[in-house]
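Here the structure comes first, spelled out in structure tokens, and everything after it is commentary.
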Amino acid sequence: MLVTTKELLLDAQKKNYAVGAFNINNMEIIQAIIGAAEELNSPVILQASQGGIKYAGIEYIAALGKAAAQKAKVPVALHLDHGTDFDQIVLCIRNGFTSVMIDGSKYPFEENVAITKKVVEIAHAVGVSVEAELGKIGGTEDDITVDERDATMTDPEEARRFVEETGVDSLAIAIGTAHGVYKGEPKLDFERLKAIREVVEVPLVLHGSSGVPSESLEKAIALGICKVNIDTDIRAAFARGVKEFVAENPDEIDPRKILGPAREAMKEVIKDKIKIFGSVGRA
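Following the numbering used here, the numbering of the sequence shown begins with 4 at its first residue and continues without gaps.
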């Protein structure tokens, strides 16, 4: 069934687990996510980035996401990840997304507040949840690149003010994760997370979580993270599945046979993440 992220994350916050938000680009990825969630009876978030929407087209992504959610035996939210363009956010809402992210983190504090408030106003009017970001997360997410020097941790007091002034439903914070593939092991600032959790009431979101050790994710969830974003780990599983099959079957031309093993490889990775997040049986 199709629900908002607000519903999912408030339950996660109350019961101290996290909901996985997995990036979607095609049918096989969506099927892998829903298949994993149904097998483990877990709520799940399908999220499309601006790059994913550009690749597939808003109509295709929305139709695939909604069809999967409506058919699913578990609660599913359809979310825009890292929306930076107001018009695109409106387009996603019009196409049935139940949740949107406005990423104004590259702007100064007051400007980020103003942009986020505007999105909250239009989204809440039609029952759509809003996620925002404060602090800058390093690395590359589709067409958004943040240099490591420019990545900045979220300030707890600013986070408190930001949530109060904007009325957002959830907040993505920067505590040491990055988008893309890590060069070394990421070190998360748990003290900062603790300090933010003490002054911010809304559910907190962790971006750039692929490659973060499971113990670190479990600790972050115990300290108040309610939504964990995963993309790179799924891409790696997809690529691995296709490469292995093609290497063993170089003459195969049936896309279904080529993509089937990739779908299974992604499903296994997603199931592992769901177990780490503690959302098994929470649907």
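Cβ coordinates follow ideal geometry from the N, Cα and C atoms, glycine included.
Are the Cβ atoms of residue i and residue j separated by less than 9 angstroms?
i	j	result
residue 25	residue 234	yes
residue 203	residue 159	yes
residue 79	residue 32	no
residue 285	residue 38	no
residue 83	residue 118	no
residue 132	residue 7	yes
residue 293	residue 36	Lying outside 4 to 286, the shown extent of the chain, residue 293 is not represented and no answer is given.
residue 157	residue 200	no
residue 283	residue 236	no
residue 281	residue 221	yes
From this set, the options, which residue's C-alpha is nearest residue i's C-alpha?
i	options	result
residue 279	9, 19, 35 and 180	19
residue 238	180, 9 and 27	27
residue 170	55, 115 and 177	115
residue 13	230, 268 and 43	230
residue 190	104, 177, 123 and 133	177
residue 174	197, 163 and 136	136
residue 30	258, 283 and 271	258
residue 277	4, 15 and 10	15
residue 126	220, 226 and 172	172
residue 111	92, 197, 138 and 129	138
residue 97	241, 129, 215 and 226	129
residue 224	4, 23 and 10	23
residue 215	197, 192 and 198	192
residue 179	244, 155, 17 and 242	155
Between residue i and chain C, is the shortest Cβ-Cβ distance under 9 angstroms, so that the two count as touching?
i	result
residue 78	The structure shown contains no chain C, having only a single protein chain.
By Cβ distance below 8 angstroms, which residues in the same chain neighbour residue i in space, the five residues on each side in sequence not counted?
i	result
residue 41	75, 76 and 77
residue 88	53
residue 255	248, 249 and 261
Near residue i, what residues of its chain come up, given a Cβ to Cβ distance below 7 angstroms and the 5 sequence neighbours on each side ignored?
i	result
residue 152	Because the pLDDT of residue 152 is 45, which lies under 50, any placement of that residue in the model is unreliable, and the question is left without a value.
residue 163	202 and 203
Who are the near neighbours of residue i in its chain, counting only those whose CB is closer than 6 angstroms to its CB and skipping five residues on each side?
i	result
residue 228	21, 207 and 209
Assuming residue i and residue j are in contact, meaning their beta carbons sit under 8 angstroms apart, how far apart are those beta carbons, in whole angstroms?
i	j	result
residue 4	residue 73	7 angstroms
**Message:** Tell me whether the stretch 61-76 and the stretch 103-113 touch, counting them as touching only if at least three CB pairs, one residue from each stretch, are closer than 8 angstroms.
**Reply:** no
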